[in-house]
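For reference, the structure discussed in these notes is given below.
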Amino acid sequence: MRLNILIGGKAGQGINKVSEIVSMILIKQGYFVFNYRDYPSLIRGGHNFNILSVSEEKIGSYQSKLDGIVALDQKTIALHKNKLKKGGFVVDSKDFENLGRNLNLALAGALIKILGIDNKILMEEIKKEFNKKEALSAAEKGLASQKNIFNIKKQNNNNITLMTGSQGIAQGAINSRIDRYIAYPMTPATGVMHELAASQLKNDKTISHNNNKNIHQHNHQNNLLVFQAENEIAVVNAALGASFTGAKTIIGTSGGGFDLMCEGISLQGQSEIPLVIYLAARPGPGTGVPTYSSQADLNIALRGGHGEFPRIVIAPGDPLECIEKTNEAFYLSEKFNSLSVILSDKHLAESWFSSDRKPNKILNVKSSRNRKIPGKRIVKASSYEHDEMGYTTESAEIAAQKAKGRLLKYEKIQKECDKFEMIKIHGKKKSKNLIIGWGSTKTVILDAIKGLDYKFLQVLYLMPLSDKIREEMKKAKKIILIEENMTGQLGRIIREKTSLKIKHRILKYDGRTFSSDVLRDEILKVKNEYKK
Amino acid sequence: MSTKNKLKTKLRIKLGTKNEDTWCPGCPNHNILESTKRVLTKLIGKGYKQEDFAMVTGIGCHAKIFDYLNISGIYGLHGRVLPTALGIKLGNPNLTVLGFAGDGDTYAEGMAHFIHAGRYNANMTLVVHDNQSFSLTTGQSTPTSQQGYKNKAKPFGEFDKPLNPIKLALASGMSFIARCNARDVAHTERILEKAIRHKGFSFVEIIQDCLIFNLEANNKDGLMYKISDNKNKKKAEQLAEEWDYNNKHGRIPLGVIYQEKKKTLEEKWPQLAALSKTLRKRKISRKRKTEIK
Numbered sequence: 117m118r119l120n121i122l123i124g125g126k127a128g129q130g131i132n133k134v135s136e137i138v139s140m141i142l143i144k145q146g147y148f149v150f151n152y153r154d155y156p157s158l159i160r161g162g163h164n165f166n167i168l169s170v171s172e173e174k175i176g177s178y179q180s181k182l183d184g185i186v187a188l189d190q191k192t193i194a195l196h197k198n199k200l201k202k203g204g205f206v207v208d209s210k211d212f213e214n215l216g217r218n219l220n221l222a223l224a225g226a227l228i229k230i231l232g233i234d235n236k237i238l239m240e241e242i243k244k245e246f247n248k249k250e251a252l253s254a255a256e257k258g259l260a261s262q263k264n265i266f267n268i269k270k271q272n273n274n275n276i277t278l279m280t281g282s283q284g285i286a287q288g289a290i291n292s293r294i295d296r297y298i299a300y301p302m303t304p305a306t307g308v309m310h311e312l313a314a315s316q317l318k319n320d321k322t323i324s325h326n327n328n329k330n331i332h333q334h335n336h337q338n339n340l341l342v343f344q345a346e347n348e349i350a351v352v353n354a355a356l357g358a359s360f361t362g363a364k365t366i367i368g369t370s371g372g373g374f375d376l377m378c379e380g381i382s383l384q385g386q387s388e389i390p391l392v393i394y395l396a397a398r399p400g401p402g403t404g405v406p407t408y409s410s411q412a413d414l415n416i417a418l419r420g421g422h423g424e425f426p427r428i429v430i431a432p433g434d435p436l437e438c439i440e441k442t443n444e445a446f447y448l449s450e451k452f453n454s455l456s457v458i459l460s461d462k463h464l465a466e467s468w469f470s471s472d473r474k475p476n477k478i479l480n481v482k483s484s485r486n487r488k489i490p491g492k493r494i495v496k497a498s499s500y501e502h503d504e505m506g507y508t509t510e511s512a513e514i515a516a517q518k519a520k521g522r523l524l525k526y527e528k529i530q531k532e533c534d535k536f537e538m539i540k541i542h543g544k545k546k547s548k549n550l551i552i553g554w555g556s557t558k559t560v561i562l563d564a565i566k567g568l569d570y571k572f573l574q575v576l577y578l579m580p581l582s583d584k585i586r587e588e589m590k591k592a593k594k595i596i597l598i599e600e601n602m603t604g605q606l607g608r609i610i611r612e613k614t615s616l617k618i619k620h621r622i623l624k625y626d627g628r629t630f631s632s633d634v635l636r637d638e639i640l641k642v643k644n645e646y647k648k
Numbered sequence: 384m385s386t387k388n389k390l391k392t393k394l395r396i397k398l399g400t401k402n403e404d405t406w407c408p409g410c411p412n413h414n415i416l417e418s419t420k421r422v423l424t425k426l427i428g429k430g431y432k433q434e435d436f437a438m439v440t441g442i443g444c445h446a447k448i449f450d451y452l453n454i455s456g457i458y459g460l461h462g463r464v465l466p467t468a469l470g471i472k473l474g475n476p477n478l479t480v481l482g483f484a485g486d487g488d489t490y491a492e493g494m495a496h497f498i499h500a501g502r503y504n505a506n507m508t509l510v511v512h513d514n515q516s517f518s519l520t521t522g523q524s525t526p527t528s529q530q531g532y533k534n535k536a537k538p539f540g541e542f543d544k545p546l547n548p549i550k551l552a553l554a555s556g557m558s559f560i561a562r563c564n565a566r567d568v569a570h571t572e573r574i575l576e577k578a579i580r581h582k583g584f585s586f587v588e589i590i591q592d593c594l595i596f597n598l599e600a601n602n603k604d605g606l607m608y609k610i611s612d613n614k615n616k617k618k619a620e621q622l623a624e625e626w627d628y629n630n631k632h633g634r635i636p637l638g639v640i641y642q643e644k645k646k647t648l649e650e651k652w653p654q655l656a657a658l659s660k661t662l663r664k665r666k667i668s669r670k671r672k673t674e675i676k
């Protein structure tokens with residue numbers, strides 16, 4: 117069974133609340149859900165919608181055809197009617213008058229009834245969260261307004277959790293015992309700032325690391341401070357200042373902010389002060405389509421900043437990977453006094469994903485042995501080429517030596533990265549048909565190739581790039597590259613690394629993410645081309 | 384030599400470095416370095432620890448001080464002294480942070496940070512070496528260059544009137560604002576000490592003639608006079624107006640132009656207050672341990 121329900125209305129009407137209540141009930145019933153969020157750049161009015169996808173199997177995408185529409189306004193019905201399957205249902209908010217802010221509870225009630233879930237479960241959930249007469253009566257009105265269409269029975273799947281990519285990044289940062297998050301608001305990166313800001317001054321007793329070098333790790337108390345600076349240039353320089361004192365620091369931004377940070381990123385390369393950057397991409401160039409999704413910022417993540425210096429670029433594909441890969445990013449950055457970029461996008465940052473997997477064991481993030489902290493001794497970091505003491509030098513010999521040192525460091529990083537999952541193989545492991553993709557397209561590709569004779573190679577480390585990619589490509593007969601950008605940026609770096617060109621590419625660059633049924637059709641089309 | 388003087392010399396040696404001095408002969412940057420060494424020597428003699436200082440420099444002639452002063456720090460990017468220094472305070476509030484910046488550095492490339500520094504009021508000191516010229520790039524005009532200043536980038540002369548940083552600092556709510564003359568080493572030392580001891584953000588502008596570029600801006604010493612420390616806002620505004628950076632009329636007040644008590648960044652954030660306390664305790668316990676040994 118797979119259901120896709122669109123919940124739409126004006127910004128500020130509370131469509132996320134309807135999705136949230138219903139999703140929470142569904143995962144408790146043992147169902148996997150996926151919730152896509154689509155909204156324009158405005159605060160009140162306009163047209164926002166969520167697509168809530170439900171299945172008893174694992175899913176990580178939505179489909180293009182709808183089983184039902186829950187409309188908080190008439191525009192929703194007008195805009196999405198054509199995607200409704202034959203016999204699909206419509207819940208119209210016109211049927212509920214004078215409920216005010218409780219309208220979304222009535223709509224959640226209506227949806228629960230349609231899905232065929234026991235009324236009591238919803239009422240208990242609402243009692244827990246609101247426990248107000250008006251709320252309960254609104255939900256009851258909703259339940260009474262509809263007839264049972266589907267038969268959602270409790271499934272045997274346990275411990276399903278619901279999480280956004282933003283929550284994953286924040287959790288990964290907390291697991292790494294971060295001290296400072298510095299940022300300037302920019303969609304879609306701001307979610308992480310909000311998550312971490314809310315967890316300030318909370319004690320975190322679950323993790324206890326023993327790392328005497330870090331002055332911040334006192335009494336295992338959460339010392340996290342979230343600072344909003346005046347612009348992204350201030351953000352990156354302040355982050356380097358904080359990290360210089362030993363604070364584990366992460367900064368977050370989207371493409372435009374990352375552009376502003378580039379000089380500071382280059383300063384990281386010269387000064388070798390550890391730094392982790394969270395880059396959540398959206399479509400560009402310029403301000404682009406700011407509340408939609410894109411994978412077009414891989415190039416800048418790999419190359420932003422002048423000069424030649426090592427860096428690590430990691431792209432998680434779902435919220436659990438966000439937790440794990442953020443932890444790895446910190447581990448590598450602190451171990452090698454280097455730059456780690458965690459690359460995500462709006463789709464991964466803001467969609468809700470469900471999973472029953474537990475994240476990997478937390479890596480203990482330790483400062484490198486040669487890390488020196490001011491306050492204990494005299495430490496000099498510099499944007500100039502410098503000698504061992506940190507003093508400026510223009511000597512040709514030292515300049516060459518230091519450049520070579522940076523190259524050597526990258527080789528060490530490459531070796532260390534081999535310990536982690538730089539790629540993952542999904543689908544039919546022995547198939548000769550290979551799909552290559554990265555980042556937030558992971559879960560939709562998994563849904564699209566269900567039952568097909570395809571192997572899916574997910575690239576998680578974009579820099580360094582795994583040597584295994586070439587091996588996998590050599591084994592395959594047909595290769596398809598799937599990316600949400602116009603030029604196939606991963607394809608280009610794979611070609612650079614392996615000298616292999618991927619002929620077939622499925623690229624999407626309208627700011628909207630793939631739906632799994634449409635992607636499946638596209639994959640099948642490529643297959644047919646081979647047959648011809 | 385008395386023991387006291389011996390101690391001073393010893394400390395001075397530790398504060399200096401063996402790096403080759405590449406400032407032009409006679410450049411008043413040497414004087415600023417001397418004043419800084421003197422004030423650090425004095426503070427270290429009064430309980431400050433040499434390793435507890437951290438400096439941040441921008442890029443320009445001023446910034447060479449990084450290589451000549453033996454304290455921790457970051458030789459940062461052009462224009463980014465303030466955010467880098469702020470980051471150090473966010474990381475370790477117990478470090479005594481000194482920012483050295485140029486006029487182009489602070490008022491052109493890094494102006495956004497200058498305005499916000501007053502709001503944050505982090506407990507640190509910004510020293511601006513103002514020579515009214517981009518000298519390390521061979522003499523282009525900066526926001527404090529006088530109108531008419533002819534240089535290779537502006538052969539018709541600078542069209543615009545200069546900015547008055549003291550007025551801007553007052554408008555930005557900075558809690559300590561002072562002006563010095565680089566050539567007056569003893570006075571600069573005294574003002575720097577007050578700036579470092581001030582709880583909150585201190586801005587010290589040092590008038591520093593460049594001996595190579597923008598020569599017509601030089602030799603204003605005759606207009607300068609010393610004021611007593613001022614805490615009155617109205618008076619401060621009047622003092623700021625006395626010299627417009629554009630000509631050699633009027634008088635140039637030197638000294639503490641304004642000072643007020645304001646909540647600092649370190650007091651506003653409970654995380655920083657707690658961290659500061661823990662670090663202090665740790666230091667005391669470490670000291671005790673070594674004493675027992």
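In the order they appear, the protein sequences are chains S and C.
Everything in the first sequence is counted per the working numbering, starting at 117 for the first residue and increasing by one.
Everything in the second sequence is counted per the working numbering, starting at 384 for the first residue and increasing by one.
Where is the CB? At the ideal position from N, CA and C, for every residue including glycine.
If you're wondering where the values come from, they're calculated on a predicted model, not measured in any experiment.
- Take the alpha-carbon of C:E492 and the one of C:H512: they are about 15 Å apart.
- Excluding five sequence positions before and after S:Y408, the CB atoms of its chain that fall closer than 7 Å to its own CB belong to R398, P399, K462, G627, R628, given in chain order.
- Annotation for C:L465: G482, G493, H496, F497, A500, L509 place their beta carbon closer than 7 Å to its own, counting only its chain and skipping 5 residues before and after.
- Within chain S, Y507, T508 have C-beta atoms less than 8 Å from the C-beta of C:D450, given in sequence order.
- Ranked by Cα distance from C:D604, the options C:I442, C:S516, C:A565 are led by C:A565.
- Here C:A619 has L553, I560, N613, I640, Y641 as same chain residues with Cβ atoms under 8 Å from its own Cβ, once five neighbours each way along the sequence are excluded.
- Against chain S, the CB of C:W626 has no partner CB under 8 Å away; the residue lies outside that interface.
- S:G380 reaches chain C at L460, R463, counting residues in chain order whose Cβ is nearer than 8 Å.
- Closest option to S:I193, judged by alpha-carbon separation, among S:I121, S:K229, S:K525: S:I121.
- For C:S516, no Cβ of chain S is located within less than 8 Å of the residue's own Cβ.
- DSSP, reduced to helix, strand and coil, places S:G607 within a helical segment of the structure shown.
- From the beta-carbon of C:I454, the residues of chain S found nearer than 7 Å are I494.
- The contact set of S:Q316 on chain C, defined by CB atoms closer than 8 Å, consists of Q654 in chain order.
- Looking at the DSSP output, S:W468 bridges to S:N151, S:T280.
- Against S:G420, chain C offers no close residue; the least beta-carbon distance is about 15 Å (beta-carbon pairs closer than 7 Å).
- With its beta carbon less than 8 Å from one in chain S, C:L658 belongs to the interface.
- Less than 8 Å separates the beta-carbon of S:E388 from that of S:N453.
- Against chain S, the beta carbon of C:A552 has no neighbour under 7 Å; the closest one sits roughly 16 Å away.
- Close to chain S, meaning a Cβ-Cβ distance shorter than 7 Å, are the following residues of the stretch 489 to 518 of chain C: A495, H496, H499.
- As the crow flies, the alpha-carbon of S:I381 is around 43 Å from that of C:N615.
- A residue is called buried once 16 or more other Cβ atoms fall within 10 Å of its Cβ, and S:S471 is buried on that count.
- The beta strand (DSSP E) runs of length 3 or more contained entirely in the stretch 195 to 231 of chain S are, from start to end of the chain, 200 to 208.
- According to the DSSP assignment, S:E250 belongs to no beta strand (DSSP E) but to the alpha helix (DSSP H) extending over 249 to 261.
- Only buried fits S:Y152, as 16 or more other CB atoms lie within 10 angstroms of its CB.
- Look at C:P636 here: in three-state DSSP terms it is strand.
- Taking CB atoms only, C:A484 has no neighbour in chain S less than 8 Å away.
- Below 8 Å, enough C-beta pairs join the stretch 261 to 281 of chain S and the stretch 434 to 444 of chain S to call them touching: three or more.
- For C:P538, not one C-beta of chain S is nearer than 8 Å to its own C-beta.
- Excluding sequence positions up to five before and after S:Y297, its CB lies within less than 6 Å of the CB of L312, V342, I366, all in the same chain and listed in chain order.
- DSSP, read as helix, strand or coil, puts C:P548 in helix.
- Taking a Cβ-Cβ cut-off of 7 Å, S:I514 has no neighbours in chain C, whose nearest Cβ is about 14 Å from it.
- Contact between C:I610 and C:G638 holds, with the beta-carbon distance rounding to 4 Å and staying under 8 Å.
- Close to chain S, meaning a Cβ-Cβ distance shorter than 9 Å, is no residue of the stretch 516 to 535 of chain C at all.
- Residues of chain C with a Cβ closer than 8 Å to the Cβ of S:F266 do not exist, since the nearest Cβ in that chain sits about 49 Å away.
- The DSSP-derived three-state label of S:M302 is coil.
- Counting only the Cα atoms, S:S483 lies some 32 Å from S:T277.
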